[in-house]
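Everything on this sheet refers to the single structure shown next.
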Amino acid sequence: MENQEIARIYKQTEQLTLIHLILALPAFGMVYIYHSSGNLRWDLPVLPEFSVWFLAGFCAMLLVAQYVLFQKRIKQSFEVVELLDKVAVYSKATVTRFWILFFVSILTAAGLLLSNNPVFTVLFAVALVFF
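Quick note on this note's numbering: the sequence shown kicks off at 408 and runs consecutively.
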């Protein structure tokens with residue numbers, strides 16, 4: 408019975424991960440192709456320089472925060488004796504991490520769309536490493 412519960416937890420976590428990737432990758436990919444092609448003009452507003460770097464810094468801060476939170480919660484799982492409880496702690500840490508990474512990927516797509524600054528491409532790539 409414990410194995411079934413563990414399998415259910417992992418299945419839910421994997422499904423959430425796939426949904427996040429299925430939504431985040433095409434969104435950023437479309438924005439990246441839009442800026443790389445040079446054929447389309449949507450006449451979008453351009454972010455002021457301060458806003459571009461604020462958004463980039465905020466995304467970088469979120470990437471660091473998700474890493475620190477994940478490591479902290481994983482260390483908490485070492486204190487738990489039962490396997491099912493360890494898996495539950497790991498799953499909650501992973502779900503929180505993926506929500507933050509999804510938010511970062513959407514912010515980086517918006518930042519690239521509105522500023523055409525390559526730092527958002529780098530931040531998205533770092534987010535993908537953590538996915």
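Think of the CB as a built atom: it goes at the ideal place given N, C-alpha and C, for glycine as much as any other residue.
Quick caveat, the model's predicted, so the values are computed rather than measured.
Segment limits, alpha helix (DSSP H) that includes residue i
{"i": "E421", "result": "E409 to S444"}
{"i": "F505", "result": "L490 to S522"}
{"i": "L535", "result": "V526 to F537"}
DSSP-derived helix/strand/coil call for residue i
{"i": "E456", "result": "helix"}
{"i": "L451", "result": "coil"}
{"i": "F485", "result": "coil"}
Proximal residues to residue i (C-beta, below 7 Å), its chain only, five neighbours per side dropped
{"i": "E552", "result": "The structure shown does not extend to residue 552, since the chain spans only 408 to 538, so no value can be given for it."}
{"i": "T503", "result": "L476"}
{"i": "A500", "result": "F477, R480 and I481"}
Beta-carbon contacts of residue i that lie in its chain and below 6 Å, excluding the five residues immediately before and after
{"i": "S484", "result": "K493, V496 and Y497"}
Close Cβ partners of residue i (< 8 Å) along its chain, the five nearest in sequence each way excluded
{"i": "F435", "result": "S512, T515, A516, L519 and F531"}
{"i": "W449", "result": "Y441"}
{"i": "I429", "result": "none"}
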